[in-house]
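Notes for the one structure printed next.
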Amino acid sequence: MSANTRRSILGWLAAIASAATLAGLVSCGDGVASSPATLVLRGGKVLTMDADRSVATAVAVYGNRIVAVGNDAAVASYIGPDTKVVELAGRTLLPGFIDAHIHPVLGAERLGQCSMDGETLTIEEILPRIQACVDAETNPAPDKWIQVVNVNPANFVATADDLDTISTTRPILMSGIDGHTAWVNHKALQLAGITKATPDPDGGQIERDANGEPTGFLKDAAQGLVAAVVPPLSLAEKMALTQQALDLARARGITTVQDAWASEAEMEVYAALADAGKLKMRVRATLASEIVDDEAEYERLIDLRARFANHPLIRANAVKLFSDGVIEYPTQTAAMITPYLDGKGNETANYGERYFEQDILNAYVARLDAEGFTVHTHSIGDFTTRAVLDAHQAAREQNGETDNRHQISHLQVVDPADFARFAELGVIANMQLFWALPDVYTIDAVQPYLQPARHRLMYPAGSLVRAGALLAGGSDWPVDVFPWDPMPNTPLAAAFMGITRTNPIPDDPLYGQVLNAGEAVTLDDMLAAYTINAAYATRMEAKHGSIEVGKIADFAVIDLDLETIAPEDLLYASVQMTVLDGEVVYDAPAVLAAPATSLRSVSALAANGRSRATRRNHDFCAQIAQAAHATHTPRAPTTHR
Ligand SMILES: [Zn+2]
Ligand SMILES: [Zn+2]
Numbered sequence: 181m182s183a184n185t186r187r188s189i190l191g192w193l194a195a196i197a198s199a200a201t202l203a204g205l206v207s208c209g210d211g212v213a214s215s216p217a218t219l220v221l222r223g224g225k226v227l228t229m230d231a232d233r234s235v236a237t238a239v240a241v242y243g244n245r246i247v248a249v250g251n252d253a254a255v256a257s258y259i260g261p262d263t264k265v266v267e268l269a270g271r272t273l274l275p276g277f278i279d280a281h282i283h284p285v286l287g288a289e290r291l292g293q294c295s296m297d298g299e300t301l302t303i304e305e306i307l308p309r310i311q312a313c314v315d316a317e318t319n320p321a322p323d324k325w326i327q328v329v330n331v332n333p334a335n336f337v338a339t340a341d342d343l344d345t346i347s348t349t350r351p352i353l354m355s356g357i358d359g360h361t362a363w364v365n366h367k368a369l370q371l372a373g374i375t376k377a378t379p380d381p382d383g384g385q386i387e388r389d390a391n392g393e394p395t396g397f398l399k400d401a402a403q404g405l406v407a408a409v410v411p412p413l414s415l416a417e418k419m420a421l422t423q424q425a426l427d428l429a430r431a432r433g434i435t436t437v438q439d440a441w442a443s444e445a446e447m448e449v450y451a452a453l454a455d456a457g458k459l460k461m462r463v464r465a466t467l468a469s470e471i472v473d474d475e476a477e478y479e480r481l482i483d484l485r486a487r488f489a490n491h492p493l494i495r496a497n498a499v500k501l502f503s504d505g506v507i508e509y510p511t512q513t514a515a516m517i518t519p520y521l522d523g524k525g526n527e528t529a530n531y532g533e534r535y536f537e538q539d540i541l542n543a544y545v546a547r548l549d550a551e552g553f554t555v556h557t558h559s560i561g562d563f564t565t566r567a568v569l570d571a572h573q574a575a576r577e578q579n580g581e582t583d584n585r586h587q588i589s590h591l592q593v594v595d596p597a598d599f600a601r602f603a604e605l606g607v608i609a610n611m612q613l614f615w616a617l618p619d620v621y622t623i624d625a626v627q628p629y630l631q632p633a634r635h636r637l638m639y640p641a642g643s644l645v646r647a648g649a650l651l652a653g654g655s656d657w658p659v660d661v662f663p664w665d666p667m668p669n670t671p672l673a674a675a676f677m678g679i680t681r682t683n684p685i686p687d688d689p690l691y692g693q694v695l696n697a698g699e700a701v702t703l704d705d706m707l708a709a710y711t712i713n714a715a716y717a718t719r720m721e722a723k724h725g726s727i728e729v730g731k732i733a734d735f736a737v738i739d740l741d742l743e744t745i746a747p748e749d750l751l752y753a754s755v756q757m758t759v760l761d762g763e764v765v766y767d768a769p770a771v772l773a774a775p776a777t778s779l780r781s782v783s784a785l786a787a788n789g790r791s792r793a794t795r796r797n798h799d800f801c802a803q804i805a806q807a808a809h810a811t812h813t814p815r816a817p818t819t820h821r
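See below:
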């Protein structure tokens with residue numbers, strides 16, 4: 181059954197592909213150029229990612245369309261006096277990458293803040309770094325907040341008095357990379373109204389000295405007292421920062437992003453960038469929803485979708501749900517079928533948190549499905565993934581097959597009984613396989629707390645693919661921000677992890693170890709996950725995701741021959757050119773032999789002994805989830821259909 185479904189999905193993709201080829205032939209005659217191409221790339225290895233996985237050497241483009249794919253001789257007739265010719269010289273040409281799970285606008289806000297990069301630092305070491313950030317500002321308003329992010333909170337102590345040495349007139353908010361800790365100066369305490377008399381909020385703590393005065397250290401929900409008084413960024417500031425984030429993405433060969441939590445504020449940023457002619461990125465938004473089965477909410481989502489229905493670069497025909505949290509100790513909010521262990525092999529009473537009652541989830545998913553939305557759900561735990569699949573099954577019973585390309589993201593643990601259900605229900609596995617290696621997140625913070633049989637199911641990409649699931653890939657940026665690379669989770673680096681599942685950091689205690697080798701997938705699986713499969717997941721495969729006549733000219737040029745290099749060279753492979761709509765939107769400076777896209781500096785970093793201190797903002801998802809969750813209390817459906 182599952183194999184059949186997979187074949188039918190693949191067959192369907194092939195049908196689409198040949199329809200596109202046919203369209204190309206119709207418009208281009210018998211392959212004879214009716215007019216010269218505007219762009220020709222030749223002499224390379226063109227991995228077309230078409231249904232046959234054809235390999236060519238050259239591509240001709242007219243405007244934003246691919247008009248010929250073949251060998252150099254076949255495209256020669258398309259070269260005219262004004263044709264821009266790019267000599268690939270053996271390099272790989274791929275369809276532009278589609279990052280199927282990323283948070284460009286939310287992540288961009290962090291780019292504008294003063295980052296401590298998760299390094300192990302004392303307050304004495306941090307203060308000069310904050311001062312350097314402050315000194316680098318041009319004409320800040322006298323009351324402008326100073327925001328410091330990515331502080332490593334392990335054994336870290338700081339007080340409002342320490343931060344007052346930077347400023348007593350400007351408020352300072354310094355946040356831990358774990359999402360659970362913050363330190364502020366007295367100005368920030370004053371603006372937030374935090375005094376000796378302020379009670380600890382539910383789920384939070386205001387640290388106090390012997391006299392009961394706040395020290396400036398805030399835990400969990402107490403951070404919200406300060407966050408509430410930090411002014412939001414202006415649209416212009418968000419646009420500038422988002423452009424920085426999208427520049428990083430373009431430099432990694434990405435031409436399409438699926439924003440995995442887009443509120444109206446995020447949509448406003450994309451729309452404004454597009455109106456200014458600056459977007460130069462396709463955006464498929466999965467809309468942030470209030471997650472209530474409520475007519476007004478459905479109307480809001482439908483209106484938002486309609487606003488972008490004919491936009492040249494933006495679509496908003498998907499909705500995002502958070503169905504649980506994260507699995508790492510001590511947060512452990514991912515909902516599990518079996519309870520978490522206490523770290524010593526004993527079961528606890530904790531099964532994680534389910535954010536929905538099943539009937540609410542069913543009603544919501546069925547209605548969104550009936551309205552034609554793609555439902556994109558965050559799910560980490562095996563209990564939650566089963567619940568979401570159940571909801572999709574219920575929706576199918578109610579609505580029939582709707583071809584809405586529903587997808588579940590992360591899939592950190594999936595019960596084997598559910599593997600085949602992805603293909604059966606047409607639910608896409610949207611995975612972040614850059615995380616599929618033995619490290620602090622999968623071993624130290626998880627292994628002692630999970631049943632061994634569950635731990636052996638971590639990131640089960642191989643099992644899902646074998647069971648016929650369509651695998652799409654995404655970075656979930658800004659979850660990974662390394663001191664030496666603000667966007668390290670690239671399609672190529674994820675491909676390395678997906679293929680090898682091996683820790684590549686030389687001085688890491690887990691260096692060279694493999695996470696569940698049986699769950700490895702192939703290079704083709706990984707390239708497809710970021711091209712044709714992600715195009716399918718975003719309903720863009722008729723025009724995108726492969727290099728075929730009639731499709732849109734979105735490309736990534738990689739400096740190495742991906743088919744002949746060793747897997748570890750994927751970490752060193754570099755994107756040298758990115759093309760969107762037939763236009764070069766990223767061209768690596770020739771001097772930039774060192775790539776923007778890789779872990780090339782891993783060994784240099786390891787030499788500094790810092791790799792172990794490098795931490796992910798792995799709670800990013802959890803923070804969004806909690807924020808989303810806090811804005812509403814799931815309640816009984818008010819409508820039924
Ligand atoms: Zn995410
Ligand atoms: Zn998530």
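Start counting the sequence shown at 181; every next residue gets the next number (our numbering).
A virtual CB, placed ideally from N, CA and C, is assigned to each residue, including glycine.
Only a predicted model underlies this, so the values are computations on that prediction, with no experimental measurement involved.
Practice problem: Report yes if the C-beta of F614 is less than 8 Å from at least one heavy atom of ligand 2; otherwise report no. | Solution: The sequence position of residue 614 within the sequence shown is 434, counting from 1. For F614, the distance from the CB to the nearest heavy atom of ligand 2 is not below 8 Å.
Practice problem: State the start and end residues of the unbroken alpha helix (DSSP H) segment that holds D734. | Solution: Mapped onto the sequence shown, residue 734 falls at position 554. It is not in any alpha helix (DSSP H) - D734 carries neither H nor E in the DSSP assignment.
Practice problem: Spatial neighbours of H556 within its chain, please: CB distance less than 6 Å, with the 5 preceding and 5 following residues excluded, ordered by chain position. | Solution: Within the sequence shown, residue 556 is the residue found at index 376, counting from 1. Sequence-distant partners of H556 (beyond 5 residues in either direction) whose C-beta falls short of 6 Å from its own C-beta, in its chain, are T466, A498, K500, Q587.
Quiz prompt | Contacts around V132, its chain only, beta-carbon distance under 6 Å, and the 5 residues preceding and following it disregarded | solution = Here the chain has residues from 181 to 821 only, and residue 132 is not among them.
Quiz item: Is V593 near ligand 1, judged by its Cβ being under 8 Å from some heavy atom?
Solution: To locate residue 593, count along the sequence shown from 1; it is residue 413. With a threshold of 8 Å, the Cβ atom of V593 does not count as near ligand 1, since no heavy atom of the ligand is closer than that.
Self-check item: Separation of R634 from E289, as counted between CA atoms
Solution: Counting from one through the sequence shown, the residue named residue 289 turns up at place 109. Counting from one through the sequence shown, the residue named residue 634 turns up at place 454. Separation of E289 and R634 (C-alpha to C-alpha, rounded to the nearest whole angstrom) is 36 Å.
Practice problem: Could you name the residues of the same chain whose beta carbon sits closer than 6 Å to that of V737, not counting the 5 residues immediately before and after it, in chain order? | Solution: What you label residue 737 is simply residue 557 of the sequence shown in a count that begins at 1. Same-chain partners within the cutoff: R271, L273, Q756, M757.
Self-check item: A440 Cβ short of 8 Å to ligand 2 heavy atom set
Solution: One-based indexing of the sequence shown puts residue 440 at position 260. Yes; taking the cut-off as 8 Å, the Cβ of A440 has a heavy atom of ligand 2 nearer than that.
Exercise. Would you check if there are 3 or more beta carbon pairs closer than 8 Å linking the segment 420-439 to the segment 402-412?
Key: Counting Cβ pairs under 8 Å, fewer than three are found: no touch.
Quiz item: Which residue from D539, I357, I246 puts its Cα closest to that of V328?
Solution: Numbered from its first residue, the sequence shown carries residue 328 at position 148. For V328, the nearest C-alpha among the options comes from I357.
Exercise. Give a single yes or no on whether F502 has its beta carbon closer than 8 Å to a heavy atom of ligand 2.
Key: Here the question's residue 502 lines up with position 322 in the sequence shown. Yes - ligand 2 has a heavy atom lying nearer than 8 Å to the Cβ of F502.
Exercise. Could you give the DSSP three-state label for G642: helix, strand or coil?
Key: As a first step, residue 642 is located in the sequence shown; it is residue number 462 there, counting from the start. DSSP places G642 within a helical segment (H, G or I) once states are collapsed to three.
Practice problem: Identify, in the order they occur along the chain, each residue of the same chain with its Cβ nearer than 7 Å to the Cβ of T744, setting aside the five sequence neighbours on each side. | Solution: Here residue 744 corresponds to residue number 564 of the sequence shown, with the count starting at 1. Nothing meets the Cβ criterion.
Quiz item: Span of the alpha helix (DSSP H) holding H558?
Solution: Within the sequence shown, residue 558 is the residue found at index 378, counting from 1. First-last for H558: 554-559, but that is the beta strand (DSSP E), not the alpha helix (DSSP H).
Practice problem: Check the C-beta distance from A591 over to T554 and give it rounded, since I have them as a contact under 8 Å. | Solution: The count along the sequence shown starts at 1 and reaches residue 591 at position 411. The count along the sequence shown starts at 1 and reaches residue 554 at position 374. It is worth fixing the name first, because residue 591 is Leu in this sequence and not Ala. Wrong, their Cβ atoms sit about 17 Å apart, outside the cutoff.
Practice problem: Alpha carbon to alpha carbon, how far is F602 from G648? Give it in angstroms, no decimals. | Solution: By one-based count along the sequence shown, residue 648 stands at place 468. By one-based count along the sequence shown, residue 602 stands at place 422. Approximately 8 Å between the Cα atoms of the pair.
Quiz item: Three-state secondary structure (DSSP) at D380?
Solution: Translated into positions along the sequence shown, residue 380 becomes position 200. DSSP places D380 in coil when its eight states are reduced to three.
Self-check item: Status (buried if at least 16 other CB within 10 Å, exposed otherwise) for I712
Solution: Locating residue 712 in the sequence shown gives position 532, counting from the first residue. The residue is buried, with at least 16 neighbouring Cβ atoms inside 10 Å.
Quiz prompt | Close beta carbons around E395, own chain, < 7 Å, minus the five adjacent residues each side | solution = Within the sequence shown, the letter at position 215 stands for residue 395. It should be noted that the sequence gives Thr, not Glu, for residue 395. If we look at T395 and ignore the five residues flanking it on each side, its Cβ neighbours are T339, A340, E387, R388, D389.
Quiz item: What residue ranges within the segment 410-479 form continuous beta strand (DSSP E) runs of no fewer than 3 residues, ordered along the chain?
Solution: For the segment 410-479, whole beta strand (DSSP E) runs of length 3 or above, ordered along the chain, are 434-442, 462-468.
Practice problem: Please confirm whether any heavy atom of ligand 3 lies closer than 8 Å to the CB of V659. | Solution: The model depicted lacks ligand 3 and carries ligand 1 and ligand 2 instead.
Quiz item: Where does the unbroken beta strand (DSSP E) through W353 begin, and where does it stop?
Solution: To locate residue 353, count along the sequence shown from 1; it is residue 173. A small correction: the amino acid at residue 353 is Leu; Trp does not occupy that position in the sequence shown. Counted as a single uninterrupted DSSP element, the beta strand (DSSP E) harbouring L353 occupies residues 352-356.
Practice problem: Provide the residue span of the beta strand (DSSP E) that contains Y242, from first to last. | Solution: Counted from its first residue, the sequence shown places residue 242 at position 62. Counted as a single uninterrupted DSSP element, the beta strand (DSSP E) harbouring Y242 occupies residues 238-242.
Practice problem: Could you tell me if the beta carbon of S469 falls within a distance shorter than 8 Å of some heavy atom in ligand 1? | Solution: In the sequence shown, counting from the first residue as 1, residue 469 sits at position 289. Not under cutoff, so the answer is no.
Quiz item: Which residue's Cα is closest to the Cα of S754: Q578, L672, A715, T682?
Solution: On the sequence shown, position 574 is the one that residue 754 refers to. Nearest C-alpha to S754: L672.
Quiz item: Quick one: what does DSSP say I306 is sitting in, helix, strand or coil?
Solution: Taking the first residue of the sequence shown as 1, we reach residue 306 at position 126. I306 falls in the helix class under three-state DSSP.
Self-check item: Q587: first and last residue of the uninterrupted beta strand (DSSP E) it sits in
Solution: Start at 1 with the first residue of the sequence shown, and residue 587 comes out as number 407. First-last of the beta strand (DSSP E) with Q587: 587-590.
Quiz prompt | Residue closest to K376, alpha-carbon to alpha-carbon, out of D382, K367, N365, G392 | solution = Working through the sequence shown from its first residue, we reach residue 376 at position 196. Of D382, K367, N365, G392, the residue nearest in Cα terms is G392.
Exercise. Quickly, what does DSSP pair F277 with across the bridge? List them, please.
Key: As a first step, residue 277 is located in the sequence shown; it is residue number 97 there, counting from the start. Paired residue(s): I434.
Practice problem: May I ask you to report which of helix, strand or coil DSSP gives D230? | Solution: In the sequence shown, the residue the question calls residue 230 occupies position 50. In the three-state scheme derived from DSSP, where H, G and I count as helix and E and B as strand, D230 is classed as coil.
Quiz item: In the structure shown, what three-state DSSP assignment does V266 receive?
Solution: For the purposes of this step, residue 266 is taken as residue 86 along the sequence shown, with counting starting at 1. Looking at V266 - three-state DSSP - the assignment turns out to be strand.
Quiz item: For V771, which residues of its own chain have a beta-carbon under 6 Å away from its beta-carbon, when the five flanking residues on both sides are left out?
Solution: Numbered from 1 along the sequence shown, position 591 holds the residue referred to as residue 771. Residue placement at V771 is flagged as unreliable, the pLDDT there being 42, under the threshold of 50; the coordinate-derived value follows with that caveat. Closer than 6 Å at the Cβ level, and outside the excluded window around V771, lies no residue.
Quiz prompt | Beta-carbon gap between N330 and G298 smaller than 9 Å | solution = Within the sequence shown, numbered from 1, the residue matching residue 330 stands at position 150. Within the sequence shown, numbered from 1, the residue matching residue 298 stands at position 118. Yes, the pair counts as a contact, with Cβ atoms nearer than the cut-off.
Self-check item: Extent of the continuous alpha helix (DSSP H) run through E604
Solution: Numbered from 1 along the sequence shown, position 424 holds the residue referred to as residue 604. Run containing E604: 601-605, per the alpha helix (DSSP H) assignment.
Quiz item: Run through DSSP, which three-state label would V337 get?
Solution: Here residue 337 refers to the residue found at position 157 when the sequence shown is read from its first residue. It is coil, neither helix nor strand.
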